[in-house]
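J.:
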Amino acid sequence: MSANKKNKFKHVVYDLSRINEWWLLSLGMVLFAFVPYKYVLSDRIINYALFTSLLTEPSLYIALIVVFSAQIFLFASNDYFDRHVDALDTHKKKRNPVCSGAVTLPGVRVLLIVSGILPLIASTYFGMWAFVYTAFAMFVFYFYTAPPLRFKNKVGLDVLSHGIFVNTFPYFFCLVALNDFTVGTTFLLTVVMMRSTMAQLFQEIRDYEVDKQVERNTVVILGQRRSLWLVFSVYIGMFAVTVSLMTSYILWGWGIQMYYAIILLIWATYIPVFHKLMKAKNLGKSIEKLWMGQGRTNLWQAVQYVLAFALYALFMTFLWFIDYL
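Numbering (our numbering), first residue to last: 102 to 426.
1) Measure the C-alpha to C-alpha separation of residue 369 and residue 405 and round it to an integer number of angstroms.
2) Assign residue 319 to one of two classes, buried (16 or more other C-beta atoms within 10 Å of its C-beta) or exposed (fewer than that).
3) Pull up the distance between the alpha-carbon of residue 398 and that of residue 122, whole angstroms please.
4) Can you give the beta carbon distance from residue 117 to residue 177, rounded, assuming they're within the 8 Å contact cut?
5) In the structure shown, what three-state DSSP assignment does residue 357 receive?
6) How about the stretch 122-139 and the stretch 156-171: do they share at least three Cβ pairs that are nearer than 8 Å?
7) Are there 16 or more other CB atoms within 10 angstroms of the CB of residue 212, so buried, or fewer, so exposed?
8) Put residue 392 into one of helix, strand or coil per three-state DSSP.
9) When you compare only the Cα positions, how much space is there between residue 267 and residue 327?
10) Quick one: is residue 305 buried, meaning 16 or more other Cβ sit within 10 Å of its Cβ, or exposed?
11) Could you tell me whether the Cβ atoms of residue 175 and residue 242 are closer together than 9 Å?
12) In the structure shown, what three-state DSSP assignment does residue 319 receive?
13) Determine the burial state of residue 310: buried for a count of at least 16 other Cβ atoms within 10 Å of its Cβ, exposed for fewer.
14) In whole angstroms, what is the alpha-carbon distance linking residue 209 and residue 126?
15) Am I right that residue 329 and residue 378 are in contact with their C-beta atoms under 8 Å? What's the rounded C-beta distance?
16) Using CA atoms only, rank isn't needed, just tell me which of 240, 235 and 207 is closest to residue 220.
17) What did DSSP end up calling residue 349 once you bin it into helix, strand or coil?
18) How is the alpha helix (DSSP H) around residue 142 delimited, first residue to last?
19) Using a Cβ-Cβ cutoff of less than 7 Å, which residues in the same chain neighbour residue 50 once the five nearest sequence positions on both sides are dropped?
20) Using the rule of at least 16 other Cβ atoms within 10 Å of the residue's Cβ for burial, across every protein chain shown, is residue 303 buried or exposed?
21) With a threshold of 16 other CB atoms inside 10 Å of the CB of residue 271, please say whether the residue is buried or exposed.
22) Can you give me the Cβ contacts of residue 256 inside the same chain, cut-off strictly under 6 Å, excluding the 5 residues immediately before and after it?
23) Three-state secondary structure (DSSP) at residue 422?
24) Classify residue 194 as helix, strand or coil using the three-state DSSP reduction.
25) Answer with buried or exposed for residue 391, where buried requires no fewer than 16 other C-beta atoms within 10 angstroms of its C-beta.
26) Take the Cβ of residue 229 as the centre, count every other Cβ of all protein chains shown within 10 Å, and call the residue buried at 16 or more, exposed below.
27) Please state whether DSSP places residue 184 in a helix, a strand or coil.
28) Mapping DSSP to helix, strand and coil, what is residue 333?
29) From 380, 170, 141 and 282, pick the residue whose C-alpha is nearest to that of residue 128; which is it?
30) In this structure, does DSSP put residue 279 in helix, strand or coil?
31) Among the candidates 420, 416 and 294, whose CA atom is the shortest distance from the CA of residue 332?
32) With a CB to CB cut of under 6 Å and the five nearest residues on each side skipped, what residues in its chain are close to residue 285?
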């Protein structure tokens, strides 16, 4: 393969799909669904056999095929149908290979067809409901940015569709595929949905100056500061729900166990972010620096989650030491 063909292939498969921005988070969500599921099936025993069983299970790899190909479809269609909006922003114009001319319409079509068909076929491995959910999610992915529906340009629907489907798909699909809807997994799904909702609102707040020229989304209507308070309200609400469910389990035996304290710790790592955003004069630049990087493989994301899981390990060790576990 010539250097020119390699560059074209990279632009179509890697740059257009923006895989560097989401692969780690998507992989984590799939494992976040499969590992606890296998743990319960193995009588809640963590040993070598559990991980051997997981890594030799075809369903894990088929789920990864569904999730990764669907995510490629989502981001590729997003870049293509958002090209006219991204062209108004210098940073986005450079990042979007369609705007720069690095990817042509035939290349987009090939990638969308392949990445659109593959998850539909692979999802049939898990049965009818997995296929139906995947098909509906792909419909939302496409029309999230594509005309004439373009959910991204509809007040309320932009946030709702993103919260329920866009960032949530990797975990939601695995729960459907495994038929694993317990109190705990449903709680985690809700957490992922709320984080996805927050991410969309933050993105719209960041892009406010450009979006108000061509879009009519939730933040354009509410304004940046009101939207920031809406995000903060979602955050406070989920923090309160998490504490309430953990307390409810301790007192009455219904809710979520102390294992889910990791969610509280992750929420806690957002406190410095919100503190800085509330005082920021330029919300767009501050969000790009403090939040948008969390969806990408970078140092900020690593520090945030490593810190949360390190504290979680110490907390679980303490619970084990006092014979709570």
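Cβ coordinates follow ideal geometry from the N, Cα and C atoms, glycine included.
T.: The answer reads as follows:
1) Counting from 1 along the sequence shown, the entry for residue 369 is found at position 268. Counting from 1 along the sequence shown, the entry for residue 405 is found at position 304. If I take the Cα positions, the gap works out to 10 Å.
2) What you label residue 319 is simply residue 218 of the sequence shown in a count that begins at 1. Per the 10 Å Cβ criterion, buried.
3) As a working note, residue 398 is residue 297 in the sequence shown. As a working note, residue 122 is residue 21 in the sequence shown. Only weak support is given to the placement of residue 398: the predicted model assigns it a pLDDT of 44, under 50, and the question is left unresolved by the model.
4) As a working note, residue 117 is residue 16 in the sequence shown. As a working note, residue 177 is residue 76 in the sequence shown. For a cut-off of 8 Å, the C-beta gap from residue 117 to residue 177 is around 5 Å, short enough to register as a contact.
5) By one-based count along the sequence shown, residue 357 stands at place 256. For residue 357, the secondary structure class from DSSP, reduced to helix, strand or coil, is coil.
6) Touching, yes.
7) Taking the sequence shown and counting its residues from 1, the one referred to as residue 212 is at position 111. Buried.
8) As a position in the sequence shown, residue 392 is number 291, starting the count at 1. In the structure shown, residue 392 adopts coil according to DSSP, grouped into three states.
9) Position 166 of the sequence shown, counting from 1, holds the residue named residue 267. Position 226 of the sequence shown, counting from 1, holds the residue named residue 327. Cα-Cα distance, rounded: 23 Å.
10) What you label residue 305 is simply residue 204 of the sequence shown in a count that begins at 1. Burial is judged here by how many other beta carbons sit within 10 angstroms of a residue's own beta carbon; residue 305 has at least 16 and is buried.
11) The residue you call residue 175 lines up with position 74 of the sequence shown. The residue you call residue 242 lines up with position 141 of the sequence shown. Against a cut-off of 9 Å, the Cβ pair of residue 242 and residue 175 comes out as a contact.
12) Sequence index remark: in the sequence shown, residue 319 carries index 218 (1-based). It is helical.
13) Within the sequence shown, the letter at position 209 stands for residue 310. Counting Cβ neighbours within 10 Å, residue 310 comes out exposed, since fewer than 16 surround it.
14) Along the sequence shown, one-based indexing puts residue 209 at 108. Along the sequence shown, one-based indexing puts residue 126 at 25. Taking the Cα positions, residue 209 is about 24 Å away from residue 126.
15) For this step, residue 329 is matched to residue 228 along the sequence shown. For this step, residue 378 is matched to residue 277 along the sequence shown. For a cut-off of 8 Å, the C-beta gap from residue 329 to residue 378 is around 6 Å, short enough to register as a contact.
16) Mapped onto the sequence shown, residue 220 falls at position 119. The residue with the shortest Cα to Cα distance from residue 220 is 235.
17) Position 248 of the sequence shown holds residue 349. The answer is helix: DSSP assigns residue 349 an H, G or I state.
18) Residue 142 sits at position 41 when you count from the first residue of the sequence shown. Taken as a continuous stretch (DSSP letters only), the alpha helix (DSSP H) holding residue 142 covers 120-142.
19) Lying outside 102 to 426, the shown extent of the chain, residue 50 is not represented and no answer is given.
20) On the sequence shown, position 202 is the one that residue 303 refers to. By the Cβ-count criterion, residue 303 is buried, with 16 or more other Cβ atoms from all chains shown falling within 10 Å of its own Cβ.
21) As a working note, residue 271 is residue 170 in the sequence shown. Residue 271 counts as buried, since no fewer than 16 other beta carbons sit within 10 angstroms of its beta carbon.
22) In the sequence shown, residue 256 corresponds to position 155, counting from 1. Result list for residue 256: 319 and 322, in chain order.
23) Looking up residue 422 in the sequence shown gives position 321. Residue 422 sits in a helix when the DSSP states are folded into three classes.
24) The residue labelled residue 194 in the question sits at position 93 within the sequence shown. Here residue 194 carries a helix assignment [DSSP, helix/strand/coil].
25) Against the sequence shown, residue 391 aligns to sequence position 290. Result: buried.
26) Position 128 of the sequence shown, counting from 1, holds the residue named residue 229. Residue 229 should be labelled exposed.
27) Start at 1 with the first residue of the sequence shown, and residue 184 comes out as number 83. DSSP places residue 184 in helix when its eight states are reduced to three.
28) Sequence index remark: in the sequence shown, residue 333 carries index 232 (1-based). Correct three-state label for residue 333: helix.
29) As a working note, residue 128 is residue 27 in the sequence shown. It is 170 whose Cα lies nearest to the Cα of residue 128.
30) Along the sequence shown, read from residue 1 onward, the residue named residue 279 stands at position 178. Under the three-state reduction of DSSP, residue 279 is assigned to helix.
31) Translated into the one-based positions of the sequence shown, residue 332 becomes position 231. Of 420, 416 and 294, the residue nearest in Cα terms is 294.
32) What you label residue 285 is simply residue 184 of the sequence shown in a count that begins at 1. These residues qualify, in order along the chain: 357.
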